[in-house]
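A quick write-up on the structure given underneath.
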Amino acid sequence: MVHRVTVALVGDPKSPPPGMADLELAWEVRPQIELDVESEESLASILDRAGAEFGAVPFQPGGQPSDDAFWIALAQPSHQPLWELLQSELTVLDEHGEALWVADWKTVQYDQLQRSVDAGVIAGDASRIYYIRQVPQGDGSLGVESWRLFLELWELIRIHADDGTDAVVDIGEIAGGLAVIWAGIKVARRRFPRWMQRGATPANLDRALVGTMDENDAAERLGCSPEEAIAVIAMYERLRTDDRISALYAEMSEVESLARSGMYDYGRYFLDRLGKRPDERPVPEQYAYELKDYWDQSFELPRVPEDDTSEAWEEEGEDVEWRDYEALYGVFAFTVILLVALTVALGVETSWPVAVALGFLAALGTASVFAIRPVRRRIGPVAYRLLRLSDLFGRVD
């Protein structure tokens with residue numbers, strides 16, 4: 062199917078990088094070109110053809126006109142200022158209505174763009190596209206990109222809330238908001254592997270909820286049940302509107318940047334800095350270790366094959382409830398307890414060397430059972446929470 066698309070030029074087609082884009086001009090007064098676009102044509106191809114028509118000189122020798130476009134924007138009927146429309150990534154719907162979070166928006170096909178605009182996920186007119194020739198200066202947004210860090214830090218707050226640790230955060234003032242967060246986090250633990258495989262992060266997941274009609278519509282986009290969709294919607298509403306919870310989320314974003322720079326003990330640093338003024342916060346270097354590869358190794362997550370939508374994956378995804386370190390602490394705890402218990406019990410009727418050997422063999426067998434993932438996932442966290450070995454070791458990560 063052929064579509065008639067108008068592309069408007071933003072910036073001087075001959076200017077060198079970073080470009081000189083005037084974001085204040087209205088759509089009607091900008092240079093425009095009309096193109097016939099196939100449904101399967103990518104945004105990169107559309108902008109390449111438009112750029113050639115405008116005579117745009119690529120910023121880099123041998124480059125394409127689309128290489129100079131770092132933002133995408135669609136014209137709005139309300140004549141909203143262009144700088145309010147800029148997007149550095151797109152959230153689109155596939156043919157089944159499920160969301161895809163696309164960081165490289167230039168790969169999006171026109172029919173995907175049109176479908177998402179029709180559904181209200183993307184605002185604007187798909188037939189009127191801006192070609193913006195400017196390198197972003199300081200473009201960035203607040204939010205946590207890592208699912209592992211997002212889930213782990215909220216879990217740390219929950220653990221200390223259960224303990225009544227007021228030194229960490231005044232739980233009483235935001236108890237209702239945190240209860241909403243916990244419900245959303247429970248859903249995220251089950252669903253984040255598939256969300257991540259489709260390009261979602263904690264920072265952009267809620268973009269799929271734009272323009273949803275009800276919880277059934279949201280559930281279809283998120284690939285979850287309506288009840289789970291309600292919990293996720295409520296969680297993001299709290300993150301946006303509750304000042305105290307928004308502040309916690311902002312703290313997580315700052316800690317993530319340090320973790321990506323090599324901070325190993327970021328969990329303890331996060332807890333130690335909560336509730337303190339900037340001049341009272343601990344020095345980040347105290348929590349850094351020479352383990353630069355820790356982030357990549359510990360946060361490597363299972364990937365869903367692109368063509369795999371089987372129920373088996375969904376069942377496996379529901380098992381992703383706890384981090385491995387908790388389970389391993391549970392293995393260690395039960396092993397030591399069993400060793401000591403058997404040693405004391407058997408030492409009464411036999412020699413101590415024999416008792417120790419039997420206890421060791423029994424503990425080894427217990428550890429082997431815990432090596433089975435489903436067992437480890439369910440029993441390990443119980444041991445962790447009962448014994449609180451993180452406190453004994455002086456670390457939380």
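Under our numbering, the letters of the sequence shown match residues 62 to 458, in that order.
Backbone N, C-alpha and C fix where the C-beta goes; we use that ideal spot for every residue, glycine too.
Remember, predicted model here, so these are calculated numbers, not experimental data.
Query	Result
Could you check whether P77 and F120 sit closer than 8 Å to each other, using their CB atoms as the reference points?	yes
Enumerated in chain order, which unbroken segments of the alpha helix (DSSP H) with a length of 4 residues or greater are wholly contained in the stretch 139-181?	171-180
State the DSSP-derived secondary structure class of V316, mapped to helix, strand or coil.	helix
Between the stretch 106-114 and the stretch 210-220, can you find at least three pairs of beta-carbon atoms closer than 8 Å?	no
Express the C-alpha separation of L70 and R91 in angstroms, rounding to a whole number.	6 Å
State the Cα-Cα distance for the pair P343 and R334, rounded to the nearest angstrom.	6 Å
On the three-state DSSP scale, how would you describe L96?	strand
With 16 other CB atoms within 10 Å as the buried threshold, where does E85 fall?	exposed
Give the DSSP-derived three-state secondary structure of S286 in the structure shown.	coil
Would you check if there are 3 or more beta carbon pairs closer than 8 Å linking the stretch 248-262 to the stretch 301-320?	no
When we look at the beta-carbon of Q175 and count the other beta-carbons within 10 Å, is it buried (16 or more) or exposed?	buried
For Q137 and D340, what's the separation of their Cα atoms in angstroms?	45 Å
Go ahead and pull the three-state DSSP assignment for Y325.	coil
Just grab the DSSP bridge partners of A69 for me.	Q93, Y191
Taking the alpha helix (DSSP H) that L135 falls in, what are its first and last residues?	Premise fails: L135 is in no alpha helix (DSSP H) and is neither H nor E.
In terms of residues, what are the limits of the alpha helix (DSSP H) holding S106?	104-115
In the DSSP output, what is V205 paired with across the bridge?	V205 pairs with nothing; no bridge assigned.
Going by the beta-carbon positions, is the gap between L143 and A134 smaller than 8 Å?	yes
Am I right that D97 and V153 are in contact with their C-beta atoms under 8 Å? What's the rounded C-beta distance?	Contact doesn't hold; Cβ gap of about 22 Å is too wide.
Distance check for I94 and W356, CA to CA, integer angstroms please.	At W356, the pLDDT of 41 sits below 50, so the modelled position is not reliable and the matter cannot be decided from this model.
Does the distance from the CB of H157 to the CB of A87 come in under 8 Å?	no
Suppose the cutoff is 7 Å on Cβ atoms and the five residues either side in sequence are ignored; what does the same chain contact list for R299 look like?	G238, V241, I242, I306
Taking the C-alpha atoms as reference points, what is the distance between T302 and P79?	36 Å
Exposed or buried, which one is A261 when buried takes at least 16 other CB atoms within 10 Å?	buried
Evaluate T273 with the Cβ neighbour count: other Cβ atoms within 10 Å of its Cβ, from every protein chain shown; 16 or more gives buried, anything less gives exposed.	buried
Name the DSSP beta bridge partners of H64, please?	V98
On a CA-only basis, which of L146, G336, I246 is nearest L214? Give me that one, please.	I246
Taking all protein chains shown into account, decide if V401 is buried (16 or more other Cβ within 10 angstroms of its Cβ) or exposed.	exposed
Leaving aside the five residues before and after D83 along the sequence, list all residues of the same chain whose C-beta is less than 8 Å from its C-beta, in chain order.	V71, G72
In angstroms with no decimal places, state the Cα-to-Cα distance between V169 and R209.	27 Å
Would you report the Cα separation of A290 and G116, rounded to the nearest angstrom?	47 Å
Can you check whether the CB of E206 is closer than 8 Å to the CB of A264?	yes
Taking the alpha-carbon positions, what's the L270 to L332 distance?	31 Å
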